[in-house]
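*Asks:* Residue numbers (our numbering), protein chains in the order written: chain E, -6 to 319; chain D, 2 to 339.
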């Protein structure tokens, strides 16, 4: 076991997969000489050379389209979008092409592509370095969407994504890059896509969450222990396909659900989970499903403004207390 | 709006260097087969037997001539929806095309999932066609990137129309391909129309090929109704790409002899005079004249060829009509790999 930050774990995953499989290439803006603006690809150019680590032009559509083409011809590309906020020029290639190549060709062609992007607020990033874009992609059959919260998961899930034959959006919460450290198993291991993890077992209420909010949820759970509240925290880890089984088992145990994410509330991933729970587990619920999410506004820059938009620790604790008392 | 006078760089109607008489006849046969299938699909659509037909009539010389210069199954091709002549030249059959047009389960391109003319063929490296325009261009760059990394001699040819050159995909694809000197040929079939929008409203330059300079790649302007000229120019670009000398932009000037698709009525935006002028540039009679002059075709041979093609198309239609539609249970298959 070694201790790693999230970004170090990601870098390790990339290097190990590139050593293991000559078909894995990395492409994106500043990923080569600079090692990535967050250093996620540091050292890769020196080890693997410019044919496998490409500094691309500033062209998200072209980055993803080129990656798709290289995947069609036998490579396993890992494309980086520098900030998730800049992924939109590539939406056509992701949604109309990568997601649908297998289906529209009746299985003849596939697209084993990974698109990595830092996402999430809380870093004084303003509107365009703070967005959570996962909900857009969770709506698209044919894609997979992964949001690790820990170094061990970041490494194992990125390996899984690279080995997956389907296109995977791999969203890395930028607030976790250097602030979250954790034990990472030695050797080659993979964390399966599509499986949630129960981070904390509890009796009274389940917090279903992902990304940086997993750590907030664990802190909130610790904060309410003195009040006699025993909170379960489920880290979804994958958003598409999300782990209905693990979430359902948790709800069967606690019968109360808070869904928490930093994406804005309307039509965020929480809406899908809430709808599923009401459809399938209505009898298990002892109270309304509560969503703790960002306000429906862009993420502003000034700290006083950002705090008013993104869900803070107190908001989560208040929601837990209120629902627990219902 | 008549197409402006095409530049006279054709000398290929004097004997091309390496094509035998048999190959010349092959070229004509493929063009004629493409035309015959094309016309039949319009008929089927008007009869209500298939819901939709999209056409390449007038493009045959550009499509067949260029594809003839490739190695099917080794080289990669990313066509667009007009490219019936391309896929037939590479080795798809009339039967396969008609199965796709009728959305049959055994249609090789998509098993009935896509509209007609959205070709795909794994064994021939024909990448699945989609409807959004120009998305195939950056993908072609990527296919070529992989070829180069793997040290393959395969070249990639990407086909598209004049409208596609206005998309950002066009710019980003050519830019990247040129920076990395990738073995990809960008082949524009410029027929002067993007549905109803003429090139004068589509671009501020007279020729698509002028943009090649902006990407520091060779640009070739060719008469797309002269199959031998197209073959020669494509062959040269392919040789350059295989030798590691990077991409080429080829612009083939062609004429769209019909409306955009069976859902379009081009009398709304094209004058009868312009449409009549387009018919003057039909590549089939032009090549027929060349072959008659060389003794490769005569009345008897042509009649026999046309009869054979008619039989092939009729058989393909009958087969496709009788074939089963895909099963409803198949509708959710292949969303994911497993």
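We put the beta carbon where it would ideally sit given N, CA and C, even for glycine.
Everything numeric in this text was worked out from a predicted model, so none of it was measured.
Identify whether residue 59 (chain D) lies in helix, strand or coil by the three-state DSSP scheme.
*Replies:* Here the question's residue 59 (chain D) lines up with position 58 in the second chain. Residue 59 (chain D) falls in the coil class under three-state DSSP.
*Asks:* My parser needs the alpha helix (DSSP H) runs of 4 or more residues fully inside the region 190 to 260 of chain E; what are they?
*Replies:* 206 to 216 and 237 to 247
*Asks:* At 4 residues or longer, and completely inside the region 113 to 160 of chain D: list those alpha helix (DSSP H) runs for me, N to C.
*Replies:* For the region 113 to 160 of chain D, whole alpha helix (DSSP H) runs of length 4 or above, ordered along the chain, are 137 to 151.
*Asks:* Can you pull the chain D residues whose beta carbon is under 8 Å from the beta carbon of residue 67 (chain E), in chain order?
*Replies:* For the purposes of this step, residue 67 (chain E) is taken as the residue at position 74 of the first chain. The contacting residues are 147 and 151.
*Asks:* Does the beta-carbon distance from residue 262 (chain D) to residue 136 (chain D) come in below 8 Å?
*Replies:* Within the second chain, numbered from 1, the residue matching residue 262 (chain D) stands at position 261. Within the second chain, numbered from 1, the residue matching residue 136 (chain D) stands at position 135. In this structure, residue 136 (chain D) does not lie closer than 8 Å to residue 262 (chain D) by Cβ.
*Asks:* May I ask you to verify whether the region 43 to 62 of chain E touches the region 137 to 146 of chain D, counting CB pairs closer than 8 Å and requiring at least 3?
*Replies:* yes
*Asks:* For residue 1 (chain D), which option in E:254, E:313, E:-1 and E:101 has the closest C-alpha, if you only look at C-alpha atoms?
*Replies:* As displayed, chain D neither begins before 2 nor continues past 339, which places residue 1 (chain D) out of reach and without an answer.
*Asks:* Applying a beta-carbon distance threshold of less than 8 Å, which residues of chain D neighbour residue 54 (chain E)?
*Replies:* Within the first chain, the letter at position 61 stands for residue 54 (chain E). The answer, in chain order, is 139, 169, 170 and 173.
*Asks:* Using the Cβ count rule (16 or more neighbours within 10 Å means buried), how would you classify residue 290 (chain E)?
*Replies:* Taking the first chain and counting its residues from 1, the one referred to as residue 290 (chain E) is at position 297. The residue is exposed, with fewer than 16 neighbouring Cβ atoms inside 10 Å.
*Asks:* Could you spell out the range, first to last residue, of the alpha helix (DSSP H) harbouring residue 130 (chain E)?
*Replies:* Indexing the first chain from 1 puts residue 130 (chain E) at position 137. Start and end: 127 to 131.
*Asks:* For a test of the three-state rule: what should DSSP assign to residue 3 (chain D), helix, strand or coil?
*Replies:* The count along the second chain starts at 1 and reaches residue 3 (chain D) at position 2. Unreliable positioning characterises residue 3 (chain D) in this predicted model, as indicated by a pLDDT of 39, which lies under 50. A coordinate reading is not provided.
*Asks:* Starting from residue 77 (chain D), trace the alpha helix (DSSP H) in both directions and tell me its first and last residue.
*Replies:* Against the second chain, residue 77 (chain D) aligns to sequence position 76. First-last for residue 77 (chain D): 77 to 79, but that is the beta strand (DSSP E), not the alpha helix (DSSP H).
*Asks:* Tell me the rounded alpha-carbon separation between residue 114 (chain E) and residue 128 (chain E).
*Replies:* The residue labelled residue 114 (chain E) in the question sits at position 121 within the first chain. The residue labelled residue 128 (chain E) in the question sits at position 135 within the first chain. Their Cα atoms are separated by approximately 15 Å.
*Asks:* Alpha carbon to alpha carbon, how far is residue 137 (chain E) from residue 193 (chain E)? Give it in angstroms, no decimals.
*Replies:* Sequence index remark: in the first chain, residue 193 (chain E) carries index 200 (1-based). Sequence index remark: in the first chain, residue 137 (chain E) carries index 144 (1-based). Spanning the two alpha carbons is a distance of roughly 25 Å.
*Asks:* Helix, strand or coil for residue 105 (chain D), going by three-state DSSP, please let me know.
*Replies:* The residue labelled residue 105 (chain D) in the question sits at position 104 within the second chain. In the three-state scheme derived from DSSP, where H, G and I count as helix and E and B as strand, residue 105 (chain D) is classed as coil.
*Asks:* Residue 338 (chain D): which of E:155, E:126 and E:96 sits nearest, CA to CA?
*Replies:* As a first step, residue 338 (chain D) is located in the second chain; it is residue number 337 there, counting from the start. Closest by alpha carbon: E:96.
*Asks:* Please name the residue, chosen from E:257, E:198 and E:255, that lies closest to residue 241 (chain E) on a Cα-to-Cα basis.
*Replies:* Reading the first chain from its first residue, position 248 is the one you call residue 241 (chain E). The shortest Cα separation from residue 241 (chain E) among E:257, E:198 and E:255 belongs to E:198.
*Asks:* Give the C-beta separation of residue 76 (chain D) and residue 157 (chain D) to the nearest angstrom, bearing in mind that I take them to be a contact with Cβ-Cβ under 8 Å.
*Replies:* As a position in the second chain, residue 76 (chain D) is number 75, starting the count at 1. As a position in the second chain, residue 157 (chain D) is number 156, starting the count at 1. Contact holds; Cβ gap of about 7 Å.
*Asks:* Quick one: grab the DSSP three-state call for residue 223 (chain D).
*Replies:* Locating residue 223 (chain D) in the second chain gives position 222, where the first residue counts as 1. Residue 223 (chain D) falls in the strand class under three-state DSSP.
*Asks:* The alpha helix (DSSP H) with residue 144 (chain E) in it runs from where to where?
*Replies:* To locate residue 144 (chain E), count along the first chain from 1; it is residue 151. Note, residue 144 (chain E): alpha helix (DSSP H), 144 to 156.
*Asks:* On the three-state DSSP scale, how would you describe residue 141 (chain E)?
*Replies:* For the purposes of this step, residue 141 (chain E) is identified with residue 148 of the first chain, where counting begins at 1. Coil at residue 141 (chain E), not helix or strand.
*Asks:* Residues in the same chain with beta-carbon distance under 6 Å from residue 317 (chain D), minus the five sequence neighbours each way, listed in chain order, please.
*Replies:* As a position in the second chain, residue 317 (chain D) is number 316, starting the count at 1. Non-local C-beta neighbours of residue 317 (chain D) in its own chain, meaning closer than 6 Å and more than five positions away in sequence, comprise 95, 96 and 99, ordered along the chain.
*Asks:* Could you pull the start and end residues of the beta strand (DSSP E) that residue 180 (chain D) belongs to?
*Replies:* Taking the second chain and counting its residues from 1, the one referred to as residue 180 (chain D) is at position 179. Run containing residue 180 (chain D): none in the beta strand (DSSP E); it sits in the alpha helix (DSSP H), 169 to 180.
*Asks:* Find the residues of chain C that neighbour residue 276 (chain D), judging by a C-beta separation of less than 9 Å, and give them in chain order.
*Replies:* Within the model displayed, chain C is absent; protein chains E and D are what it includes.
*Asks:* At a Cβ threshold of 8 Å, is residue 336 (chain D) touching chain E?
*Replies:* Mapped onto the second chain, residue 336 (chain D) falls at position 335. At least one chain E Cβ lies under 8 Å of residue 336 (chain D).
*Asks:* Where do the ends of the alpha helix (DSSP H) carrying residue 0 (chain E) lie?
*Replies:* In the first chain, residue 0 (chain E) corresponds to position 7, counting from 1. -1 to 13 is the span of the alpha helix (DSSP H), which, as asked, contains residue 0 (chain E).
*Asks:* Please name the residue in D:50, D:108, D:88 and D:186 whose C-alpha comes closest to that of residue 36 (chain D).
*Replies:* Here residue 36 (chain D) corresponds to residue number 35 of the second chain, with the count starting at 1. The residue with the shortest Cα to Cα distance from residue 36 (chain D) is D:88.
*Asks:* Starting from residue 22 (chain D), follow the alpha helix (DSSP H) in both directions and report where the run begins and ends.
*Replies:* Taking the first residue of the second chain as 1, we reach residue 22 (chain D) at position 21. Judged by DSSP secondary structure, residue 22 (chain D) falls within the alpha helix (DSSP H) whose first and last residues are 22 to 47.
*Asks:* Find the residues of chain E that neighbour residue 123 (chain D), judging by a C-beta separation of less than 9 Å, and give them in chain order.
*Replies:* Locating residue 123 (chain D) in the second chain gives position 122, where the first residue counts as 1. In chain order: 98, 101 and 102.
*Asks:* If the cut is a Cβ gap below 7 Å, which residues of chain D does residue 108 (chain E) touch?
*Replies:* Sequence index remark: in the first chain, residue 108 (chain E) carries index 115 (1-based). Within chain D, no residue comes near residue 108 (chain E); the closest Cβ sits about 13 Å away, beyond 7 Å.
*Asks:* Considering only heavy atoms of the ligand NAP, does any lie closer than 7 Å to the CB of residue 76 (chain D)?
*Replies:* No copy of the ligand NAP occurs in the structure displayed, which carries no ligand at all.
*Asks:* Compute the Euclidean distance between the alpha carbons of residue 326 (chain D) and residue 106 (chain D), then round it to the nearest angstrom.
*Replies:* Taking the second chain and counting its residues from 1, one reaches residue 326 (chain D) at position 325. Taking the second chain and counting its residues from 1, one reaches residue 106 (chain D) at position 105. Taking the straight line joining both Cα atoms gives about 5 Å.
*Asks:* Quick one: give me the first and last residue of the alpha helix (DSSP H) that residue 228 (chain D) is part of.
*Replies:* Within the second chain, the letter at position 227 stands for residue 228 (chain D). Per DSSP, residue 228 (chain D) belongs to the alpha helix (DSSP H) from 228 to 243.
*Asks:* Taking only the alpha-carbon atoms, compute the straight-line gap between residue 386 (chain E) and residue 67 (chain E) and give it to the nearest angstrom.
*Replies:* For chain E, the structure presents residues -6 to 319; residue 386 (chain E) sits outside this window and is missing.
*Asks:* Going by DSSP, name the residue or residues bridged to residue 163 (chain E).
*Replies:* As a working note, residue 163 (chain E) is residue 170 in the first chain. E:109 and E:139.
*Asks:* For residue 180 (chain D), would you say it is in contact with chain E, using Cβ-to-Cβ distances shorter than 8 Å as the test?
*Replies:* Taking the first residue of the second chain as 1, we reach residue 180 (chain D) at position 179. For residue 180 (chain D), the answer is yes, since a Cβ of chain E falls inside 8 Å of its Cβ.
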